[in-house]
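Visitor: If you're matching positions, the sequence shown starts at 1 in my numbering and goes up one per residue.
By construction, the Cβ of each residue, glycine as well, lies at the ideal position given by its N, Cα and C atoms.
If you're wondering where the values come from, they're calculated on a predicted model, not measured in any experiment.
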Amino acid sequence: MANIKISEKPDGDRTIMQVAGEIDAKTAPELKVKLELAIGNGAVKIVLDFSSLTYISSAGIGVLNSIQKFLKDKSGEIILCGLTKEVKDTMDLMYFTKKVKVFANVEGALASL
């Protein structure tokens, strides 16, 4: 059974979220709720640290895509960092890495803001 752990660090109009575990059809709604809460609290730039994420399904990428579209309309964005090979390969197959900035680590992602 898949599980997910999400910790966040808000900082004004940006939030850093560390996501660990697996994002699939069962855990994607939890990620969506966390992202929507961050946006509701004023975040328009969200850095997602996926260095501890071991798997993402199309359901998870669908959540990220809808949030990215919403934030783009608000002059915001999702920035990804720390992608494992497996997660990056899945995102590449669905062309999601062409829609967002991707960095090796949180420091690089924050420097881009």
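(1) Within 10 angstroms of the Cβ of E8, are there 16 or more other Cβ atoms? Answer buried if so, exposed if not.
(2) Pull up the distance between the alpha-carbon of T90 and that of I56, whole angstroms please.
(3) If you run the structure through DSSP and keep just helix, strand and coil, what is L93?
(4) Give every residue of the same chain whose Cβ lies closer than 8 Å to the Cβ of V87, excluding the five residues on either side of it in the sequence, and list them in chain order.
(5) Only counting the same chain, and skipping five residues up and downstream in sequence, which positions put a Cβ closer than 6 Å to that of A28?
(6) So, at 6 Å on beta carbons, what are the nonlocal neighbours of T97 in its own chain, with the 5 sequence-adjacent residues on each side left out?
(7) So V44 and I79 are supposed to be a Cβ contact under 8 Å. How far apart are they, rounded?
(8) Between T84, L93, A25 and Y95, which lies nearest to N105 when the distance is taken from Cα to Cα?
(9) Hey, could you find the ends of the alpha helix (DSSP H) D49 is sitting in?
(10) Does the distance from the CB of A2 to the CB of K32 come in under 7 Å?
(11) Could you tell me the alpha carbon to alpha carbon distance between K74 and L35, rounded to whole angstroms?
Guide: Per the coordinate set shown:
(1) Buried is the label assigned to E8, since at least 16 other Cβ atoms lie within 10 Å of its Cβ.
(2) Between T90 and I56, the C-alpha separation is close to 7 Å.
(3) L93: helix per DSSP, three-state reduction.
(4) Excluding five sequence positions before and after V87, the CB atoms of its chain that fall closer than 8 Å to its own CB belong to F50, L53, T54, Y55 and I56, given in chain order.
(5) Hits under 6 Å: A59, G60 and V63.
(6) Correct list, in chain order: M91.
(7) Not confirmed; about 12 Å, so no contact.
(8) Closest by alpha carbon: T84.
(9) Element bounds for D49: not the alpha helix (DSSP H) but the beta strand (DSSP E), K45 to I56.
(10) 7 Å or more divides the Cβ of A2 from the Cβ of K32.
(11) Answer to the nearest angstrom: the Cα atoms are 14 Å apart.
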